[in-house]
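Beneath this line is the structure, given in C-alpha cells, with notes to follow.
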Amino acid sequence: MGQYKEKNCPTCGTTHRKQGQYCSRSCGNSRTHTHKSRKNISEKITQHWQTAEANDQREKLSAQGKLQLKKIHNKSDEDLQEMTLDDFMVDPQIDDMPQGQFRAGGDLWTEVD
Ligand SMILES: [Zn+2]
Numbered sequence: 002m003g004q005y006k007e008k009n010c011p012t013c014g015t016t017h018r019k020q021g022q023y024c025s026r027s028c029g030n031s032r033t034h035t036h037k038s039r040k041n042i043s044e045k046i047t048q049h050w051q052t053a054e055a056n057d058q059r060e061k062l063s064a065q066g067k068l069q070l071k072k073i074h075n076k077s078d079e080d081l082q083e084m085t086l087d088d089f090m091v092d093p094q095i096d097d098m099p100q101g102q103f104r105a106g107g108d109l110w111t112e113v114d
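Under the working numbering, think of the first position of the sequence shown as 2, with each following residue one higher.
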C-alpha cells in the first residue's frame, strides 16, 4: 500500500497525507464553487422559482418584501400597489450563501419551511 504524498490542505494549510487535496471533509466542502457549478446552482434556483410550490413562497417573500419597503424605504401603500411580484423577484444571485439562504431583490433571505 503506497502512502499519499505529503501536501498542504488548500483550505486551512494543514500538512497531511490523505487522499485528495483536502485534510478533511469539511475543508473539501468549503472550496469555492467553480464557475460551472455556480451556473448550475443558479439554473436550479431559477427552475425552483417556476414551480407551483415556489409560488407560495413568492407570495410570502413578496409580503415580507413589501413590509420591508414600507418600513425601510417609507413606501406608501399606493406605491406598493403599483409594484408587481416581479419587482421583488429580480434574478437571484449565488454568492456562496449558507444553505437555505439566497439573495433576491438585493436582500438576503432565509428560506422558511
Ligand atoms: Zn484543511
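From the three backbone atoms N, C-alpha and C, an ideal C-beta is built for every residue, glycine too.
Between which two residues does the alpha helix (DSSP H) harbouring residue 29 extend? Along the sequence shown, read from residue 1 onward, the residue named residue 29 stands at position 28. That run of the alpha helix (DSSP H) goes 26-30.
Could you give the distance in angstroms between the alpha-carbon of residue 20 and the alpha-carbon of residue 28? By one-based count along the sequence shown, residue 20 stands at place 19. By one-based count along the sequence shown, residue 28 stands at place 27. Answer to the nearest angstrom: the Cα atoms are 13 Å apart.
Given a cut-off of 8 Å, decide if residue 7 and residue 15 are closer than it, judged by their beta-carbon atoms. Here residue 15 refers to the residue found at position 14 of the sequence shown. Here residue 7 refers to the residue found at position 6 of the sequence shown. Taking 8 Å as the Cβ cut-off, residue 15 and residue 7 do not qualify as a contacting pair.
Going straight from the alpha carbon of residue 63 to that of residue 45, what length do you get? As a working note, residue 63 is residue 62 in the sequence shown. As a working note, residue 45 is residue 44 in the sequence shown. Cα to Cα, residue 63 sits roughly 20 Å from residue 45.
Is the Cβ-Cβ distance between residue 76 and residue 70 less than 8 Å? Here the question's residue 76 lines up with position 75 in the sequence shown. Here the question's residue 70 lines up with position 69 in the sequence shown. Taking 8 Å as the Cβ cut-off, residue 76 and residue 70 qualify as a contacting pair.
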